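Those letters in the sequence shown? Residues 805 to 1001, per the working numbering, in order. Note that the Cβ used here is the ideal one computed from N, Cα and C, for glycine as well. Fair warning: this is a prediction, and the values are worked out from it, not measured in the lab.
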Amino acid sequence: MAGPVAARERDWGVTAGQPLADALRQFGKRNGYDVIVAEGLVEGKRAGPVQEARTAYEALMQMLEGSGLVPRFTRPDAIILESASREAPADMSLDEIDVLTSAFRASNDEYRWYGEKLLGASLALLRRSSELGTRSYDFTLYVWLSADGRITGLDGFGAGSNGEALVIARRLLDGMTVGSPPPANMPQPVGLRIVAQ
């Protein structure tokens, strides 16, 4: 997860077992993120242990482990936490494309253009798949790319049967080439939410 602060492991500001609401506030304050969540969603929940997280994204996902919550980026430095079991809207659509750029980005349009290109290539591959072409799913992918536009890393989340679809999608997309290199210095990962029904 790219963000305005390149925090180190010791800076995540999370203690395992502390109330999740407190952990999220500390995480956001220490690492430069606005974290928004309804009190009812975190009531009684505890933060998971954060172990050897290399990025803020990894730290956040470890902290949320077992909580039933997933992050959705509304800005490069703003996260809304939602229930992983929310209903998917009908038809295949892109609910949101989050090109996670730094607070000091020079060309957001260029990053967004590349994110749309990445999304188009990903959807085309998934629609051609015999495993996913006719299935319903709703998941979010976080994609890392090499300098020549090849997918080198994938992470993501999807609740219930979406988790199985996510595993298939990650296998299908691993190593895919977008067709053109990403903009120089584009922060990564690129977040894509993909919904099909």
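Let's see if you can read the secondary structure: which residues bound the beta strand (DSSP E) around residue i?
{"i": "LEU996", "result": "994-1000"}
{"i": "LEU949", "result": "941-949"}
{"i": "LEU936", "result": "Looking at the DSSP string, LEU936 is not in any beta strand (DSSP E), and its letter there is neither H nor E."}
{"i": "GLY888", "result": "According to the sequence displayed, residue 888 carries Ala and not Gly. It is not in any beta strand (DSSP E) - ALA888 carries neither H nor E in the DSSP assignment."}
{"i": "GLY957", "result": "955-961"}
Among the options, which one has its Cα closest to the Cα of residue i?
{"i": "ALA888", "options": "ASP826, GLU856, LEU845", "result": "LEU845"}
{"i": "ARG932", "options": "VAL982, LEU976, SER871", "result": "LEU976"}
{"i": "PRO875", "options": "TYR941, LEU885, GLY836", "result": "LEU885"}
{"i": "ARG939", "options": "ARG916, ILE998, MET980, ASP913", "result": "ILE998"}
{"i": "GLY983", "options": "LEU922, GLU847, GLU843, GLU869", "result": "LEU922"}
{"i": "GLY962", "options": "LEU828, ASN989, PRO823, ALA1000", "result": "ALA1000"}
{"i": "ALA851", "options": "TYR837, ASN835, ARG829", "result": "ARG829"}
{"i": "PHE831", "options": "GLU843, GLY848, TYR861, LYS849", "result": "TYR861"}
{"i": "VAL839", "options": "ALA882, GLY919, TYR918, SER965", "result": "ALA882"}
{"i": "ASP978", "options": "THR956, GLU843, LYS849", "result": "THR956"}
{"i": "SER965", "options": "PHE943, ARG974, ALA951", "result": "PHE943"}
{"i": "SER934", "options": "ALA969, GLY960, ASP959", "result": "ALA969"}
{"i": "LEU868", "options": "TYR837, LYS833, GLY995, ALA820", "result": "ALA820"}
{"i": "ALA825", "options": "GLU843, GLU856, TYR837", "result": "GLU843"}
Under the assumption that residue i contacts residue j (Cβ atoms under 8 angstroms), give the Cβ distance between them as a whole number of angstroms.
{"i": "PRO993", "j": "TRP948", "result": "5 angstroms"}
{"i": "GLY953", "j": "PRO991", "result": "The pair is not a contact, with the Cβ atoms about 16 angstroms apart (cut-off 8 angstroms)."}
{"i": "VAL854", "j": "TRP816", "result": "5 angstroms"}
{"i": "LEU929", "j": "MET980", "result": "6 angstroms"}
{"i": "LEU927", "j": "ALA973", "result": "Incorrect: roughly 10 angstroms between the Cβ atoms, too far for contact."}
Based on the DSSP secondary-structure assignment, which residues constitute the bridge partners of residue i?
{"i": "ASP978", "result": "For ASP978, which the question treats as bridged, DSSP gives no partner whatsoever."}
{"i": "LEU873", "result": "SER887"}
Verify the contact flag: residue i, CB atom, against every heavy atom of the ligand SAM, threshold strictly below 7 angstroms.
{"i": "TRP917", "result": "The ligand content of the structure shown is nil, which means the ligand SAM is not present either."}
- prompt: Of all the beta strand (DSSP E) runs that stay within the bounds of the region 824-869, which reach a length of 3 or more residues?
  reply: Segments of the beta strand (DSSP E) lying fully in the region 824-869: 838-840.
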